[in-house]
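With my numbering, letter number 150 in the sequence shown gets 180, and the count goes up by one each step, no holes.
Cβ coordinates follow ideal geometry from the N, Cα and C atoms, glycine included.
These figures come from a predicted structure and were not determined experimentally.
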Amino acid sequence: AMNLIPEDGLPPILISTGVKGDYTVEEKPSHISVMQQLEDGGPDPLVFVLNANLLSMVKIVNYVNRKCWCFTTKGMHAVGQSEIVILLQCLPDEKCLPKDIFNHFVQLYQDALAGNVVSNLGHSFFSQNFLNSKEHGGFLYVTPAYQSLQDLVLPTPPYLFGILIQKWE
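Here it is in structure tokens:
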């Protein structure tokens, strides 16, 4: 599965033409236009193409009175992996979408292809710097139980929430 995430930019975006099931692809979207679209917060998430079979929907949401990124996968089921939802608190003055999440989704997808899936209470680790910090250890995955799911972009079940863990946790 080829990875469509460029080293120095964002992956392509799927844009609905307004006709059901018809999309155009915007290659190399700019960080500025993406941030603007997300900040404007339309009803629909932005849809990024991570590889031929894996999409990620991204939206900025208010979650428990905090401004958060909501990243959701679409395409994991095909490789036997539950879809993944990740909520990250937006940092003040954040200028770019935290695209490390995309690389992590592709890694999970490739792992699942190789037969290694994560399930409830499973975890994944980062080998390199993640979100510009060596402090982050990885994600712990949990089945949504009582969390408020309002305003979130939810995939078709089954899905798991990824919780960012620090190295010392």
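### Message
Measuring only the C-alpha atoms, how far is Val147 from Asp141?
### Response
Position 117 of the sequence shown, counted from the start, is the residue given in the question as residue 147. Position 111 of the sequence shown, counted from the start, is the residue given in the question as residue 141. If I take the Cα positions, the gap works out to 7 Å.
### Query
If Ile45 and Tyr53 are in contact, beta carbons under 8 Å, what's the gap, nearest whole angstrom?
For the purposes of this step, residue 45 is taken as residue 15 along the sequence shown, with counting starting at 1. For the purposes of this step, residue 53 is taken as residue 23 along the sequence shown, with counting starting at 1. At roughly 6 Å, the Cβ-Cβ gap stays under 8 Å, so Ile45 and Tyr53 are in contact.
### Message
Taking only three categories from DSSP, how would you classify Gln158?
### Response
Your numbering for residue 158 matches position 128 in the sequence shown. Residue state, collapsed to three classes: coil.
### Message
Taking the alpha carbon of Asn162 as the reference point, which residue from Thr173, Val172, Leu121 has its own alpha carbon closest?
### Response
Taking the sequence shown and counting its residues from 1, the one referred to as residue 162 is at position 132. Nearest C-alpha to Asn162: Leu121.
### Query
Would the segment 54 to 73 and the segment 104 to 115 be scored as touching if the rule is three or more Cβ pairs under 8 Å?
No: the two stretches stay apart, fewer than three of their Cβ pairs being nearer than 8 Å.
### Query
Among Leu170, Phe78, Asp38, which residue has its Cα nearest to the Cα of His153?
Against the sequence shown, residue 153 aligns to sequence position 123. When each option's Cα is compared against that of His153, the closest is Leu170.
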